[in-house]
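Q:
Protein chains in written order, with the numbering used here: chain A, 118 to 894; chain B, 1126 to 1332.
1) Determine whether the Cβ of residue 243 of chain A lies closer than 9 angstroms to any Cβ atom of chain B.
2) If we ignore side chains and look at the alpha-carbon of each, how far apart do residue 1254 of chain B and residue 1239 of chain B end up?
3) Is it the case that the stretch 535-554 of chain A contacts the stretch 504-512 of chain A, given that we only count it when at least three CB pairs across the two stretches are under 8 angstroms?
4) Kindly list, in the order they appear in chain A, the residues whose Cβ is closer than 8 angstroms to that of residue 1329 of chain B.
5) Going along the stretch 1293-1314 of chain B in order, which residues come within less than 9 angstroms of chain A, judged by CB to CB distance?
6) Cβ of residue 1226 of chain B within 9 angstroms of Cβ of residue 358 of chain A?
7) So what does residue 1213 of chain B bridge to, in DSSP terms?
8) For residue 775 of chain A and chain B, any beta-carbon pair shorter than 9 angstroms?
9) Give me the chain A residues within the contact set of residue 1318 of chain B, using Cβ-Cβ distance strictly less than 9 angstroms, ordered along the chain.
10) Kindly indicate which three-state DSSP category residue 120 of chain A falls into: helix, strand or coil?
11) Runs of 4 residues minimum, wholly inside the stretch 762-839 of chain A: which ones carry the alpha helix (DSSP H) assignment?
12) Is there a Cβ from chain B that is less than 9 angstroms from the Cβ of residue 121 of chain A?
13) May I ask you to list the residues that DSSP assigns as paired with residue 1256 of chain B?
14) Tell me which same chain residues have a C-beta within less than 6 angstroms of the C-beta of residue 680 of chain A, skipping the five on either side of it?
15) DSSP three-state label for residue 860 of chain A, please.
16) Do residue 573 of chain A and residue 637 of chain A have their C-beta atoms closer together than 9 angstroms?
17) Kindly list, in the order they appear in chain B, the residues whose Cβ is closer than 7 angstroms to that of residue 223 of chain A.
18) Shortest alpha-carbon distance to residue 561 of chain A belongs to which of A/846, A/462, A/623 and A/737?
19) What number of angstroms, rounded off, separates the C-alpha of residue 130 of chain A from the C-alpha of residue 596 of chain A?
20) What in chain A is Cβ-close to residue 1242 of chain B, meaning under 7 angstroms?
21) With distances taken from CA atoms, which of A/769, A/455 and A/479 is nearest residue 629 of chain A?
22) For the stretch 383-403 of chain A, enumerate the residues whose C-beta is nearer than 7 angstroms to any C-beta of chain B, in chain order.
23) The alpha helix (DSSP H) spanning residue 127 of chain A covers which residue range?
24) Looking at the structure shown, is residue 611 of chain A part of a helix, part of a strand, or coil, going by DSSP?
25) Out of curiosity, what's the CA-to-CA distance linking residue 178 of chain A and residue 565 of chain A?
26) Is the distance from the Cβ of residue 906 of chain A to the Cβ of residue 654 of chain A below 9 angstroms?
27) Under 8 angstroms by Cβ, that's how I've got residue 266 of chain A and residue 356 of chain A pegged, so tell me the actual separation to the nearest angstrom.
28) Which residues in the same chain have their Cβ closer than 7 angstroms to the Cβ of residue 749 of chain A, if we skip the five residues on either side of it in sequence?
29) Kindly list the residues whose CB is nearer than 6 angstroms to the CB of residue 612 of chain A, restricted to its own chain and excluding five residues on each side of it in sequence; keep chain order.
30) Name the residues in the stretch 1246-1258 of chain B whose C-beta lies less than 7 angstroms from a C-beta of chain A; which are they?
31) In or out: residue 120 of chain A buried (at least 16 other Cβ within 10 Å) or exposed?
32) On the three-pair Cβ rule with 8 angstroms, is the stretch 178-195 of chain A touching the stretch 283-295 of chain A?
33) Would residue 228 of chain A count as contacting chain B if we go by Cβ distances under 9 angstroms?
34) Return the chain-ordered ranges of every alpha helix (DSSP H) run that is complete within the stretch 317-352 of chain A and spans a minimum of 4 residues.
35) Leaving out the 5 sequence neighbours to the left and right, which residues in its chain are closer than 8 angstroms to residue 590 of chain A when beta-carbon positions are compared?
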């Protein structure tokens, strides 16, 4: 939304006698929070639908009592946040919440960061007027990471809400508690809302929604983050420390291109070992949702490194004679700039396969659209009501893109189209208005043609495109069913904002150039705006900063990657490097934002900065001295690291680092190739795709992430394949265990690429899909 | 010795006796007389006699007043703040500490640290606990803040040792299980006040 549009949509409201501005159509609670006014609320989550479980957010709007979490502001509305009646309700609600709540605050993991405690004190509850026999509520381990203590649960339903509305797993739900019924006489004697809330509370408890003892979910742990009490905690964290002992270090998650805001929370390891250790990762859960890798994959640091002068000397020698530097996208912008400087000064070649593919794709996009960056960020996607996903395994590639896709369905009465050769059983469950297409590998152009046919203004199209638009044929080709017309017109009703998410499949597509052209045409002639998912952590930053090479031979230095001399943060190199949680610097995320990350754990060894300083004789003291030197002509800004903000304001505005500036140039004439349906791959196909929660060697190193390096297949396919298989590629073989991914569908198998030493990129070459022969061992 | 004397802080009602003091000499003659009388009176012998009498009493009549430290020790106030003790529950013998970490938090010289974990019985277990007595200033905040009356100050004031470590672990401070019957409640800050019962508001119970 532009500034002018924002101002236009502002209305004025009165809260407790003072006038404030609020966005039109916003909930009263959010409007109050944006203006720094406190209204108590337990069950409401920003970005999710109101559950009305706690009823404590009662306010009086224009003389009528309403729940501020689900009543919207109107022009001139007069809101009173406290009246004697509301205070009486709130106090009764808090008394009810305190009934039978175990008095184990002393050991509870919430350790004072407890909303039940806070509101009990806020409303000065110093005596109890209600009672009911307690029900036996047992402690359960829902999964390898989730621990649920039903006794502590106040059934605010924040966990179920976030799981449904944000994450999309819907893995937990409220179920019957079997508690005794309330005394009917209370109905008249106690405050109305408190009674209604108690009545509901007494009947429900949270449980996995699949009816078993265990959740079948992506183990993101977002339910732990939102729990206002200590009912949900991570099994690893439980009873190990108090919240107040932990030092919060604001950082950016280093695992995928989402670059989420996180806090590393550290404390000395033990009484005998005073070195800092990360105990957990937390987030500003009202404004950002993490995935399992971000939340649980935090202990990937390079431990016990000392300055090894001999190794450093060898490293300098190696860099001097190096012809090639091979690196991954898990580096900061500053380091990328250093590598680029090395290239300029020493003439080495830079190899980064994932970023190179993305760089070429972005470059084409720039040529044909005239814009250096894609149009949408993922926050804007959340504001759209029709979202299309193409060329990405949404569930695995980028959890936040998936959350956005899901959130649109749940919050904006949205609809979606999901195009991917690998069938997915989870995506269709996000909403009723999702059409999925398991098209053939190689038919991505046909998808774009179909989208052009469906959404574009035909008059503006070039003839070559127009000729190819045969709706029925395209739908049939992509595997759509005969009812497509009817279902599409149904889901298109009342839709205004359209967004398209594209992913890594397209960057590694033999026809990538033509695909970019079609995307550009689609953007120009239809209301659809496009967002791209950078393949790995800082691929966008690397693609913008570095001048990458396609192929290179000679003496190679591998930075967290294969090479003749390994400079590695994984503890297996010739010279140690700091891991992302031991570094400060900036990362460029898929929201086109440059975000700062800070040092959580001590590192005493050499960094890339030391090497570059030694090699080039540059008088910089720290890595972050390079932050203001990031290339302005690529959209970066010349801002010192220390003046970069890292947080959110109360209205949800993201104040983290800065947004990249879009640089426009003249667009080229578009000449589209004709789509050839024969390029589709047939036979056994392997797809380069990581399991959920695995992104790189670093997630793999974390002790709470145990998704294996194996061949993933749908249950049916896995059964047919057997236990262990050899996958034969054109350029080599790979022996892998077969694992079932219950959410996969169809015959395509997934081969992970998170272990850099397996050199999976080499096996797959320039494409994300490869024809393979799979045989059982 | 009982606690009565310590509990009696009512200094105001004690009976003071006024001594019948002779007046100081006024004239030079008076002063001369005082010098003469003091010089020739056998007052020195009175003093020597007192010493001799006490010596005889002590040596031969068993009226020794010297405390034979370290063989003998004087009782100290129950509110005295010496080396910490970790108390046990009288009923079960289990240690009282729940691992809440408040003592660690409140400690102004930062000398308490602890490790806790999730144990087999689904409880929070204190796996390590230590006080750095090189830093401890015996302020008593830990005992005051402890919600379980688990960490208290004891009367062990002799803190000379080859190693400070010999005082500082959980097991060193914990009441030995065979001496549970001798465990005494601490009376200092943090102890339950005598009128605690009156201050409690009762929670209604449904059963």
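For every residue, glycine included, the Cβ atom is placed at its ideal position computed from N, Cα and C.
Since this is a predicted model, take the numbers as computed values, not measurements.
A: On the basis of the coordinates in this document:
1) Contact with chain B is found for residue 243 of chain A, since one of that chain's Cβ atoms lies less than 9 angstroms from the residue's Cβ.
2) Per the coordinates, the alpha-carbon of residue 1254 of chain B lies some 4 angstroms from the alpha-carbon of residue 1239 of chain B.
3) As far as the Cβ criterion goes, the stretch 504-512 of chain A touches the stretch 535-554 of chain A, which means the pair count is three or higher.
4) Near residue 1329 of chain B (Cβ distances below 8 angstroms), the residues of chain A are 245, 246, 247 and 248.
5) Per Cβ criterion, the list is empty.
6) For residue 1226 of chain B and residue 358 of chain A, yes; Cβs fall inside 9 angstroms.
7) Its beta-bridge partners are B/1220.
8) No, residue 775 of chain A lies away from the interface with chain B (no Cβ there is under 9 angstroms from its Cβ).
9) Correct list: empty, because the minimum Cβ distance to chain A is about 18 angstroms.
10) Annotation note: pLDDT 43 at residue 120 of chain A (below 50); position unreliable, no value reported.
11) For the stretch 762-839 of chain A, the continuous alpha helix (DSSP H) assignments of 4+ residues that do not extend past its boundaries occur at 814-818 and 832-838, in sequence order.
12) For residue 121 of chain A, the predicted structure reports a pLDDT of 45, less than 50, and the residue's modelled location is therefore unreliable. The matter cannot be settled from this model.
13) B/1237.
14) Cβ within range, chain order: 443, 673 and 674.
15) DSSP, read as helix, strand or coil, puts residue 860 of chain A in coil.
16) Taking a C-beta distance under 9 angstroms as the contact criterion, residue 573 of chain A and residue 637 of chain A do not qualify as a contact pair.
17) Going along chain B in sequence order, the residues near residue 223 of chain A (Cβ under 7 angstroms) are 1223, 1225 and 1272.
18) When each option's Cα is compared against that of residue 561 of chain A, the closest is A/623.
19) Going from the Cα of residue 130 of chain A to the Cα of residue 596 of chain A covers about 51 angstroms.
20) Correct list: 356 and 357.
21) The shortest C-alpha to C-alpha distance from residue 629 of chain A to any of A/769, A/455 and A/479 is the one to A/479.
22) Listed by position along the chain: 387 and 388.
23) For residue 127 of chain A, there is no enclosing alpha helix (DSSP H); the enclosing beta strand (DSSP E) has its first and last residue at 127-132.
24) When secondary structure is reduced to three states using DSSP, residue 611 of chain A falls in the coil class, being assigned neither helix nor strand.
25) Their backbone Cα atoms lie some 48 angstroms apart in a straight line.
26) For chain A, the structure presents residues 118 to 894; residue 906 of chain A sits outside this window and is missing.
27) Incorrect: roughly 11 angstroms between the Cβ atoms, too far for contact.
28) Within the same chain, residue 749 of chain A has close Cβ partners 755.
29) 502 and 503.
30) For the stretch 1246-1258 of chain B, the set of residues with a beta-carbon nearer than 7 angstroms to any beta-carbon of chain A comprises 1247, 1249, 1253 and 1255, in chain order.
31) With a pLDDT of only 43 at residue 120 of chain A, under the threshold of 50, the placement of this residue in the model should not be trusted, and no figure is reported.
32) Using a Cβ-Cβ distance cut-off of 8 angstroms, the stretch 178-195 of chain A and the stretch 283-295 of chain A are not in contact, since fewer than three pairs of beta carbons, one from each stretch, lie closer than that value.
33) Judged by the 9 angstroms Cβ criterion, residue 228 of chain A is in contact with chain B.
34) Fully enclosed alpha helix (DSSP H) runs of 4 or longer: 339-343.
35) The beta carbon of residue 590 of chain A sits closer than 8 angstroms to none of the beta carbons in its chain outside the five residues before and after it.
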